[in-house]
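If you read the protein sequences in the order shown, they are chains S and L.
So the first sequence is numbered by my numbering: it starts at 838 and just counts up by one.
So the second sequence is numbered by my numbering: it starts at 53 and just counts up by one.
Notes follow the structure.
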Amino acid sequence: MRRAPVLTFTRKGIYCPAGDFYIDPWRPVDRALITHGHADHARSGHRRYLATDLAGPVMQHRLGKIDLDSVKYGQTRRIGDATVSFHPAGHVPGSAQIKVEVLGEIWVVSGDYKTENDGLSDPFEPVACHSFITECTFGMPIFDWQPQATVMAQINAWWANNAAAGRTSVLGAYALGKAQRLLVHLNPDIGPILSHTAIAKTNEILQNQSILTNNSKQVTANLDVKKLSGALVLAPPSSLGSTWLRRFGPVSEAVVSGWMRLRGVRRRRNAERGFVLSDHADWKGLLQAIRATEAENIYTTHGYTDVFSRYLSDIGYCAQTVTTEFTGETLEQDQAL
Amino acid sequence: MKTFATLFSQLDETTKTSDKIRYLSSYFQLAKPMDKLWTIALFSGRRPKRAVTTTQLRHWAAERAEIPLWLFEDCYRVVGDLAEALALILPPAQRTSDYSLDDWIVWLRALHEVPSDQRKPHIIRAWDQLPVQQCFLFNKLITGGFRVGVSQKLMTRALAQATGQDAATLAHRLMGNWTPETTTWAKLIESDNSETDLSRPYPFYLAHGLEVRDNRKLGDRPIMMPETGLASGDTQKTDPATAQLGPCQHWRAEWKWDGIRGQIILRDGNVYVWSRGEELITDRFPEFTELATLLPDGTVLDGEILAWKADRPMPFNALQKRIGRKTVPKKLRDDAPVVLMAYDLLEHHGQDIRAQPYDRRQAHLTALFAALPDTGPLRLSQQLVFETWVDLAGARAGARAAGTEGVMIKRQDSAYGVGRKKGDWWKWKLDPLTIDAVMIYAQAGHGRRATLYSDFTFALWQGEDLVPFTKAYSGLTDAELAEISKWVRKNTLQRFGPVRQVTPHHVFEIAFEGLHESPRHKSGVALRFPRMRRWRHDKVVQQANTLDDLKEMLSRYG
């Protein structure tokens, strides 16, 4: 007799029949296990939520009053006939891969992840499994990241250069994750660091959790920005080129994203500078992560799914594409954040 | 290559003209002469002779990166630029190199001496010592097409700043047949008496589009555009487009011909034909060789090359068949004979007369034509007579019937300028033809539009069926592109490689400049310059036009 699969793909999202729960569902459900707080994974309208204790505060901030239960990394929880546990995904603070075990068969949902240790989030831990559902936002060999230290040196040099020329530096970065990762590695000796309100709110939450130390000021209406020469401003990508930046006088703008690897995308965003730094795994990172799971079955979601699963099939995996409503770090998402 | 790569990055990373000029100008002051010369050459579309094919580059790079070829092709589709896609998949450089731009070009030239089946290790060795950005530029040297937002005008201004010379003079010097192999920096840019290149054309003077108001309302418009683009009852009022030009006595008008802008030069008994893209196209139009005996020496004409039969222009499509051909078979020549519709005289008896007022140049041109036989490959673009702007609007309304695109309006006392300068020359084009069509296929874009669906196929009704009739890529705003891309992802019926068949749901107004019969298209009709003019949220698919509507347009305007 063939056993029912541990996880199935339904219109509402990834579903576990044995435990009657969903993982990162995009339609309202009774019980949702959430990998991390980004909007395409943690949606509103579910009756019960389960996430890591580290991801909780941001989710509560973003989703308002929710019925949230939390677990620590590695802690197991029995739900129906399934055993679940959350494991570091290295994507943003509190982000997790979710492991689901039913009668000895193990499936892992990766959520979003990266393999490089960013110095902020708990670093990615490979989880051995039979089936691995992986994101592949950057699942093309053209995406090959340089080490974080190299990119941060470029960013700090750019900032210092702008400061010397009397320009304010503006970095477009996602409000949850990327912005704080930059805060950890920006060199505060160069000048003051300012955060857009959307980012400052997240900073505050992570500071309260002792994940982040405070080294930036929030940009408020009465902050005298003219006095802060040589400053660097962290802002959501959507505020680049907007009138909000006028208060800073002459500025130099840059976008920090994996997409900046492509010249065409950078030009389309009208970003003068693009720094290639992502919270998603690059091609090599994806392949390395998949190898480390020792899984035979790979399901690819959001990103270059078709190409990536075809390649995985070519090299001997049993791989297929799954259609989801996750968006990963897409270009359009920038406009919305 | 490092200095050139730095310049390239600087130019690529700013959108400010003043910055670009500053970077270029300082490069022109500091770089080695041969590097500078090649920089000008590359930025103006010249490139070294190709030593390896792009197919070879794809195969070798995929092999070097240890990925299958199909995966490389998919990468290329996402990146949108071959040189960049190659650079991005190749392994990081193993060594460094001090070679300058010119050194690499010399190296590439030497590669021609290597038997073609032994070139691969050389290319791979080159790749191994170039960091990503330099590798991209190296590949560009082979594949061609440097697009860094540096126009000829901008480069000329930077050169003028770096050398202290007059920009218009420099623009003229940079025209024509030179390559870094046939000249030097000193000869091309610095010498007072720049070596006389008999074939050298003048920089083309380009017109600006006249703003046309667009106050048509959605919804109740007729299917076909009325001939004039003006609503009836409006014909007695001056169009605001022309009103901004002031009294019409100061202006002259001609048809706007729909062909290839060209310059014909007769010097020392030789005829040279140049296209606006600065391509020497003499061989493609043997009709013009007889001008050697018809025109006085030292004559340069500006005009439009047209396929011409029975005293009127043939559709652009007829000319298109001749554009790509290096040699012209007799049949094609008979089917689509060309003329130059001349509208300006730039050199007269060996004298550059571009500074003379338009009216005076026209007088010389008319006199020149009076001495020519009627049958040659030259026509004089006639002046349109008008007393008021309303008269001219009336004339413009007849443009499509005359086989033209609209009218040109030129100031009577204007000199023949350099490049696109606002003020003296205007083009007042006809409104495009439009038809409402249903989107049925979508494909992701390239480069700037990678990850967005931006290439669409549209269909018209034929009974119960939707028949595809055109593709269109442009016309939507970034926000609309993002919106439609999201919709496409959720409404895909079927995938054919990169193409997605989508639910027929959205109606778009497709605008185009003209149409002609085409047996190669399923619909039997091909459009000229199709683009999406409006997303018709107000229409359901049943309200889109039919193929019969399009065929009727073909019979009227084709």
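Ideal Cβ placement from N, Cα and C applies to all residues, glycine included.
Since this is a predicted model, take the numbers as computed values, not measurements.
Can you tell me where the beta strand (DSSP E) holding L:Thr-522 begins and where it ends? Translated into positions along the second sequence, residue 522 of chain L becomes position 470. It spans 517–524 - the beta strand (DSSP E) in which L:Thr-522 sits, taken as one unbroken run.
Would L:Thr-148 count as contacting chain S if we go by Cβ distances under 8 angstroms? Position 96 of the second sequence, counting from 1, holds the residue named residue 148 of chain L. Residue-level contact check: L:Thr-148 does not touch chain S, since none of the beta carbons of chain S fall below 8 angstroms from its beta carbon.
Just confirm the distance between the C-beta atoms of L:Leu-392 and L:Leu-430, as a whole number of angstroms; I'd bet it's less than 8 angstroms. As a position in the second sequence, residue 392 of chain L is number 340, starting the count at 1. As a position in the second sequence, residue 430 of chain L is number 378, starting the count at 1. Right, the Cβ-Cβ distance comes to about 5 angstroms (below 8 angstroms), so this counts as a contact.
So, is the C-beta of S:Arg-848 closer than 8 angstroms to a C-beta in chain L? Residue numbering aside, residue 848 of chain S sits at position 11 when the first sequence is read from its first letter. By this cut-off, S:Arg-848 is not an interface position.
Looking at C-alpha atoms only, which residue of L:Thr-231, L:Pro-299 and L:Arg-313 is the closest neighbour of L:Gly-97? Working through the second sequence from its first residue, we reach residue 97 of chain L at position 45. Minimum Cα-Cα distance from L:Gly-97 among the listed residues L:Thr-231, L:Pro-299 and L:Arg-313 corresponds to L:Thr-231.
If you compare alpha carbons, which of L:Val-158, L:Arg-586, L:Met-207 and L:Ala-145 is closest to L:Arg-177? Here the question's residue 177 of chain L lines up with position 125 in the second sequence. Measuring C-alpha to C-alpha distances from L:Arg-177 to each of L:Val-158, L:Arg-586, L:Met-207 and L:Ala-145 identifies L:Ala-145 as the nearest.
Could you compute how far the alpha carbon of S:Trp-863 sits from the alpha carbon of S:Val-1159? Along the first sequence, read from residue 1 onward, the residue named residue 863 of chain S stands at position 26. Along the first sequence, read from residue 1 onward, the residue named residue 1159 of chain S stands at position 322. Linking S:Trp-863 to S:Val-1159 through their CA atoms gives a straight-line distance of about 14 angstroms.
Any Cβ of chain L within less than 8 angstroms of the Cβ of S:Ile-1127? Sequence index remark: in the first sequence, residue 1127 of chain S carries index 290 (1-based). No, S:Ile-1127 does not count as interfacial toward chain L.
Any contact of the segment 72–85 of chain L with the segment 107–121 of chain L, i.e. 3+ C-beta pairs under 8 angstroms? No: the two stretches stay apart, fewer than three of their Cβ pairs being nearer than 8 angstroms.
When you compare the segment 1064–1071 of chain S with the segment 1003–1011 of chain S, are there three or more beta-carbon pairs, one atom per stretch, that lie closer than 8 angstroms? By the Cβ rule, the segment 1064–1071 of chain S counts as touching the segment 1003–1011 of chain S, because three or more pairs are nearer than 8 angstroms.
Mind reading off the beta-carbon distance from L:Pro-505 to L:Ala-489? Whole number of angstroms is fine, and I expect it under 8 angstroms. Looking up residue 505 of chain L in the second sequence gives position 453. Looking up residue 489 of chain L in the second sequence gives position 437. Contrary to the premise, residue 505 of chain L reads as Tyr rather than Pro in this sequence. With a beta-carbon spacing of about 16 angstroms, L:Tyr-505 and L:Ala-489 fall beyond the 8 angstroms limit used to define contacts.
What residue range is occupied by the uninterrupted beta strand (DSSP E) comprising S:Tyr-852? Taking the first sequence and counting its residues from 1, the one referred to as residue 852 of chain S is at position 15. First-last of the beta strand (DSSP E) with S:Tyr-852: 851–853.
Is S:Tyr-1136 helix, strand or coil by DSSP? What you label residue 1136 of chain S is simply residue 299 of the first sequence in a count that begins at 1. When secondary structure is reduced to three states using DSSP, S:Tyr-1136 falls in the strand class.
Between L:Trp-477 and L:Ala-219, how many whole angstroms is the CB-CB distance? I'm expecting something under 8 angstroms. Against the second sequence, residue 477 of chain L aligns to sequence position 425. Against the second sequence, residue 219 of chain L aligns to sequence position 167. Distance from L:Trp-477 to L:Ala-219 at the Cβ level is roughly 19 angstroms; contact not present, criterion being Cβ atoms closer than 8 angstroms.
From the beta carbon of L:Ile-536, is the nearest beta carbon of chain S less than 8 angstroms away? Within the second sequence, numbered from 1, the residue matching residue 536 of chain L stands at position 484. At a cut-off of 8 angstroms between beta carbons, L:Ile-536 makes no contact with chain S.
Do S:Thr-1130 and S:Phe-969 have their beta-carbon atoms positioned less than 8 angstroms apart in this structure? In the first sequence, the residue the question calls residue 969 of chain S occupies position 132. In the first sequence, the residue the question calls residue 1130 of chain S occupies position 293. Yes, the pair counts as a contact, with Cβ atoms nearer than the cut-off.
Can you pull the chain S neighbours of L:Ile-141, defined as C-beta to C-beta under 7 angstroms? Within the second sequence, the letter at position 89 stands for residue 141 of chain L. From the beta-carbon of L:Ile-141, the residues of chain S found nearer than 7 angstroms are Pro-978 and Ile-979.
DSSP three-state assignment for L:Phe-438, whether helix, strand or coil: Translated into positions along the second sequence, residue 438 of chain L becomes position 386. L:Phe-438: coil per DSSP, three-state reduction.
Check whether the Cβ atoms of S:Tyr-1178 and S:Met-977 lie closer than 8 angstroms to each other. Here chain S comprises residues numbered 838 to 1174, so residue 1178 of chain S is not present and cannot be evaluated.
S:Thr-889 bridges to which residues according to DSSP? Numbered from its first residue, the first sequence carries residue 889 of chain S at position 52. Residue pairing of S:Thr-889 in beta bridges, as defined by DSSP: S:Val-908.
Nearest-angstrom Cα separation, counted from S:Gly-893 out to S:His-883: If you number the first sequence from 1, residue 883 of chain S lands on position 46. If you number the first sequence from 1, residue 893 of chain S lands on position 56. Between S:His-883 and S:Gly-893, the C-alpha separation is close to 15 angstroms.
Can you list, in chain order, the residues of its chain with a C-beta nearer than 6 angstroms to that of L:Gln-186? Leave out the 5 residues immediately preceding and following it. If you number the second sequence from 1, residue 186 of chain L lands on position 134. Excluding residues within five positions, the ones whose Cβ falls inside 6 angstroms are Met-53 and Ala-57.
What residues in the segment 1139–1153 of chain S have a beta carbon less than 7 angstroms from any beta carbon of chain L? If the cut-off is 7 angstroms between Cβ atoms, the segment 1139–1153 of chain S has Val-1144, Tyr-1148 and Asp-1151 near chain L.
Determine, using beta carbons only, whether S:Gly-856 comes closer than 8 angstroms to chain L. As a first step, residue 856 of chain S must be located in the first sequence, where it is residue number 19. S:Gly-856 does not count as touching chain L.
Show which residues of chain S have a CB atom less than 7 angstroms away from the CB atom of L:Pro-120. In the second sequence, the residue the question calls residue 120 of chain L occupies position 68. Going along chain S in sequence order, the residues near L:Pro-120 (Cβ under 7 angstroms) are Asp-1151.
Nearest-angstrom Cα distance between L:Phe-532 and L:Ile-333? Start at 1 with the first residue of the second sequence, and residue 532 of chain L comes out as number 480. Start at 1 with the first residue of the second sequence, and residue 333 of chain L comes out as number 281. The sequence given here places Glu at residue 532 of chain L; Phe does not occur at that position. Using only the alpha carbons, I get a separation of about 40 angstroms.
Residues in the same chain with beta-carbon distance under 6 angstroms from S:Ala-1156, minus the five sequence neighbours each way, listed in chain order, please. Here residue 1156 of chain S refers to the residue found at position 319 when the first sequence is read from its first residue. Cβ neighbours of S:Ala-1156 within its own chain (closer than 6 angstroms, five residues either side excluded): Ile-1135, Ser-1146, Leu-1149 and Ser-1150.
Quick one: what does DSSP say L:Thr-658 is sitting in, helix, strand or coil? Any property of residue 658 of chain L remains undetermined from this structure, which presents chain L solely from 53 to 610.
Just the C-alpha distance for S:Asp-1061 and L:Val-184, rounded to the nearest angstrom, thanks. What you label residue 1061 of chain S is simply residue 224 of the first sequence in a count that begins at 1. What you label residue 184 of chain L is simply residue 132 of the second sequence in a count that begins at 1. Taking the straight line joining both Cα atoms gives about 41 angstroms.
Looking only at DSSP bridge pairs, what is S:Lys-936 linked to? Position 99 of the first sequence holds residue 936 of chain S. S:Lys-936 is bridged by DSSP to S:Ser-922 and S:Val-945.
Could you tell me the alpha carbon to alpha carbon distance between S:Arg-1128 and S:Trp-982, rounded to whole angstroms? Reading the first sequence from its first residue, position 291 is the one you call residue 1128 of chain S. Reading the first sequence from its first residue, position 145 is the one you call residue 982 of chain S. The straight-line gap from Cα to Cα measures roughly 19 angstroms.
Count the other C-beta atoms from every protein chain shown that fall within 10 angstroms of the C-beta of L:Arg-364, then say buried if there are 16 or more, exposed otherwise. In the second sequence, residue 364 of chain L corresponds to position 312, counting from 1. Residue environment: L:Arg-364 is assigned as exposed (fewer than 16 neighbouring CB atoms within 10 Å of its CB, all protein chains considered).
Residues that DSSP places opposite L:Tyr-257 in a beta bridge: Locating residue 257 of chain L in the second sequence gives position 205, counting from the first residue. L:Gly-471.
So, for S:His-878: in the same chain, excluding its five sequence neighbours on each side, which residues have a beta-carbon less than 8 angstroms away from its beta-carbon? Within the first sequence, the letter at position 41 stands for residue 878 of chain S. Excluding five sequence positions before and after S:His-878, the CB atoms of its chain that fall closer than 8 angstroms to its own CB belong to Asp-861, Ile-871, Thr-872, Gly-948, Asp-949 and Phe-1163, given in chain order.
Taking Cβ to Cβ, would you say L:Arg-328 is nearer than 8 angstroms to L:Gly-196? Within the second sequence, numbered from 1, the residue matching residue 328 of chain L stands at position 276. Within the second sequence, numbered from 1, the residue matching residue 196 of chain L stands at position 144. Result no, Cβ atoms of L:Arg-328 and L:Gly-196 do not sit closer than 8 angstroms.
How close, in whole Å, do the beta carbons of L:Gly-576 and L:Phe-368 come, if the pair is a contact with beta carbons under 8 angstroms? Counting from one through the second sequence, the residue named residue 576 of chain L turns up at place 524. Counting from one through the second sequence, the residue named residue 368 of chain L turns up at place 316. Your pair L:Gly-576 and L:Phe-368 does not check out as a contact, with CB atoms roughly 18 angstroms apart and the cut at 8 angstroms.
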